[in-house]
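In the numbering used here, the protein residues as written are 852 to 1310.
Working notes for the structure below.
This is the structure:
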């Protein structure tokens, strides 16, 4: 096990490290610091045993100190409260020690970074690409999709998915993101693009490699058509839609007129995490309105040949249990999701009412038929996260599905979500699963119904 970890970090750190990161010098420096120091952790894990915790603690302090120095000498950052919180903890010895224990516990599990080894793909790919490019979105097969894109927040940006040191929590591992990541292949990483590439090896638009959340990670050169931004709320989504439309028009990643495009749109977690700070701004009606405006922007841009996966917001109330995992979880959740992790009794009641309103509001929006006026565009609700609860092992939360901040998905968590969004796409509207779980099996298109399900072909 230990040698597997060592191999992973050596590969990432020393095998052309600049191929994995942006050409921004500071960004490259920080990523190499994180990955190369992680090699030291794994090395000591193999050869020194009891010294490992001390080594990890010292590495954590070094990384955090470097982060503070760099932040204090570089201007123009758009720092969120979370980034500032990590900076504040830089010299907190207890934080470094507890983080060291927690990280070692997580990444000692063999499937933490990429999920369990993939079984042979169980679905046939024959006949799952149309002989002629379809003109109707309701006759779209998996192999017909030529471009993937995404709108969303840090869960779509892959924040912290491969984090080991505290610096790693601020990195966006976009290449393993469940809905848009294209690092490696299906055999190593189960993401929606890696599944779709089994049907169409020429798929375009997916993200690769890594960006840094506070260094304009949204515009990193390897993002493809992933317009997601860590920390984004629903009221940022129109701006993301404009960014995506600009990339589609100007960067020539896809053929605007002829390529079939799949856009996965997932937002709302940060709105609910901060709802108690501004009840008017985060009101369910406003949330639905901003999502509507975003979909309108895509639809009214006359973006042709497009299917939008509108993923409903997850049940954020699970954060209250996640924060109790340990000292690190409880501390970071004060900054990541305060309104759900530490609600007052009144706020908890409001959250109970608002979560289903956030979810049902989007269902009602799509059911109006607002986006069904053209045969080459539709929006499909994908509800697999609405009733999902944290996976459990021996009656305790299995934190291996989460990054060390106990909030974002680990690589393992992304792999499960990647499978689940695929399964939702292959389930008829009205009978789609509303949760994902460990051991979930693949849904497959069939010869009788080879199409991705929409409201019109589900009847």
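From the three backbone atoms N, C-alpha and C, an ideal C-beta is built for every residue, glycine too.
| query | result |
| --- | --- |
| When we look at the beta-carbon of residue 873 and count the other beta-carbons within 10 Å, is it buried (16 or more) or exposed? | Model confidence at residue 873 stands at a pLDDT of 41, short of 50, so the residue's coordinates are unreliable; what they give is reported in the following sentence. With 16 or more Cβ atoms within 10 Å of its Cβ, residue 873 is classed as buried. |
| With contact counted as at least three CB pairs below 8 Å, one residue from each stretch, are the region 1287-1294 and the region 1206-1225 in contact? | no |
| Mind reading off the beta-carbon distance from residue 1179 to residue 1233? Whole number of angstroms is fine, and I expect it under 8 Å. | Contact doesn't hold; Cβ gap of about 31 Å is too wide. |
| Is the beta carbon of residue 1202 sitting closer than 8 Å to the one on residue 1168? | yes |
| When you compare only the Cα positions, how much space is there between residue 1152 and residue 1049? | 30 Å |
| With distances taken Cα to Cα, identify the nearest neighbour of residue 988 among 1166, 1135, 1028 and 1228. | 1228 |
| What are the start and end residues of the beta strand (DSSP E) that includes residue 1111? | 1111-1117 |
| Within 10 angstroms of its Cβ, does residue 1239 collect 16 or more other Cβ (buried), or is it exposed? | buried |
| From residue 1252 to residue 998, what distance separates their C-alpha atoms? | 28 Å |
| Classify residue 1298: buried if its beta carbon has 16 or more other beta carbons within 10 angstroms, exposed otherwise. | exposed |
| Roughly how many angstroms lie between the CA atoms of residue 1106 and residue 969, to the nearest whole one? | 32 Å |
| Residue 1165 and residue 1236 - do their beta-carbons sit closer together than 8 Å? | yes |
| For the beta strand (DSSP E) containing residue 998, list its first residue and its last residue. | 996-1003 |
| Please report the distance separating the alpha-carbon of residue 1095 from that of residue 1080. | 12 Å |
| Quickly, what does DSSP pair residue 1233 with across the bridge? List them, please. | 1162 |
| Please classify residue 1071: is it buried, with 16 or more other beta-carbons within 10 angstroms of its beta-carbon, or exposed? | buried |
| To which residues of the same chain is residue 1278 closer than 7 Å at the C-beta, ignoring the five residues directly before and after it? | 1284, 1294 and 1304 |
| My output table needs one value for residue 1303: the three-state DSSP class, helix, strand or coil. | coil |
| With distance defined between alpha-carbon atoms, name the residue in 1118, 1114, 1125 and 1075 nearest to residue 1101. | 1075 |
| Quick check on this structure: which residue in 995, 1089, 1306 and 1209 has the alpha carbon closest to the alpha carbon of residue 1136? | 1209 |
| By alpha-carbon positions, which one of 1010, 971, 1004 and 976 ends up nearest to residue 992? | 976 |
| Along the chain, where does the alpha helix (DSSP H) containing residue 1265 start, and where does it finish? | 1262-1276 |
| Can you confirm whether residue 1259, when its beta carbon is compared against all beta carbons of chain D, has any partner nearer than 8 Å? | The structure shown has no chain D; it contains just one protein chain. |
| For the alpha helix (DSSP H) holding residue 1206, just list the boundary residues, first then last. | 1196-1218 |
| Label residue 1306 either buried or exposed according to how many other C-beta atoms from any shown protein chain fall within 10 Å of its C-beta, with 16 as the threshold for buried. | buried |
| Using a Cβ distance threshold of 8 Å, determine whether the region 943-950 contacts the region 1259-1272, with at least three qualifying pairs required. | no |
| If we count the other Cβ atoms within 10 Å of its Cβ and call it buried at 16 or more, is residue 1060 buried or exposed? | buried |
| Residue range of the alpha helix (DSSP H) that residue 950 falls in? | 944-958 |
| Given that a residue counts as buried once 16 or more other Cβ atoms are within 10 Å of its Cβ, and exposed if not, what is residue 1110? | buried |
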